[in-house]
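Residue 153, in the numbering used here, is where the sequence shown stops; the numbers in between run on with no holes.
Following: one structure in structure tokens, then a few remarks.
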Amino acid sequence: MLAPGDVAPDFSATLADGRVVRLRDFRGQRHVVLYFFPKAFTPGCTRETCTFRDQYADLRDLGAEVIGVSLDTPAKQAEFAKAQGAEFPMIGDPSKEIGRAYDVLRLGGWLLAKRVTFVIDKHGIIRNVIHAEFDVNHHINAARQTLRELDA
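Spelled out as structure tokens, the structure:
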């Protein structure tokens with residue numbers, strides 16, 4: 002798995018509505034909280050996404066954009082984002098290209114992503130890696146703390 006200090010792998014993903022999300026588009030502009038989760042519409046992933054949704058304004062105030070990623074299809078991610086009221090990009094990565102680049106695939110890489118959050122600074126450097134499969138609140142709390150430290 003990638004570690005703090007590593008350069009975050011760039012990616013480009015097309016959302017269900019046709020918008021393209023590229024990590025490089027945030028360079029020099031905003032930090033990125035990139036969170037991978039196992040599967041849309043499951044209890045833990047729904048709780049985690051709703052936590053990021055509820056804290057989205059605070060994270061934006063700390064200079065960050067939030068991006069969610071799972072191995073679901075873009076259409077399923079769009080449906081999930083709408084159902085949860087998430088206003089940030091939700092990427093479907095069924096090709097596993099992004100998951101592979103960030104080394105978050107589990108079960109031989111064929112089914113699910115691990116629950117991992119990367120805090121990436123404005124220069125594209127990973128500043129924190131949060132890997133807690135069952136404590137979804139730890140992801141938002143650790144991400145927020147890292148963002149505060151980046152701007153201190």
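Glycine residues also receive a C-beta, built at the ideal position from the N, C-alpha and C atoms.
| Check | Outcome |
| --- | --- |
| What span of residues does the beta strand (DSSP E) with Val33 cover, start to end? | His32 to Phe37 |
| Checking 8 Å against the spacing of the C-beta atoms, do Arg61 and Val137 come in under that value? | no |
| What would DSSP say about Phe12, mapped onto helix, strand or coil? | coil |
| Alpha carbon to alpha carbon, how far is Leu108 from Ser13? Give it in angstroms, no decimals. | 24 Å |
| In terms of residues, what are the limits of the alpha helix (DSSP H) holding Arg61? | Pro44 to Asp62 |
| Pro39: buried (16+ other C-beta within 10 angstroms of its C-beta) or exposed? | buried |
| Note the first and the last residue of the continuous beta strand (DSSP E) segment covering Val137. | Element bounds for Val137: not the beta strand (DSSP E) but the alpha helix (DSSP H), Val137 to Leu151. |
| The alpha helix (DSSP H) that contains Phe81, what's its start and end? | Pro75 to Gln85 |
| What's the gap between the Cα of Thr1 and the Cα of Gly93? | Only positions 2 to 153 of the chain appear in this structure, which leaves residue 1 out of reach. |
| Specify, as a first and last residue, the run of the beta strand (DSSP E) that Arg23 falls within. | Val21 to Arg23 |
| Grab the span of the beta strand (DSSP E) containing Asp127 for me, first residue to last. | It should be noted that the sequence gives Ile, not Asp, for residue 127. Residues Ile127 to His132. |
| Rounded to whole angstroms, what's the CA-CA distance from Asn129 to Thr52? Just pull it up for me. | 18 Å |
| Determine the extent of the beta strand (DSSP E) in which Glu88 is found, giving its start and end residues. | Segment: none, Glu88 is in no beta strand (DSSP E) and carries neither H nor E. |
| Have a look at Met91 and His32 and give me their C-alpha separation to the nearest angstrom. | 16 Å |
| Pull up the distance between the alpha-carbon of Asp59 and that of Ala41, whole angstroms please. | 23 Å |
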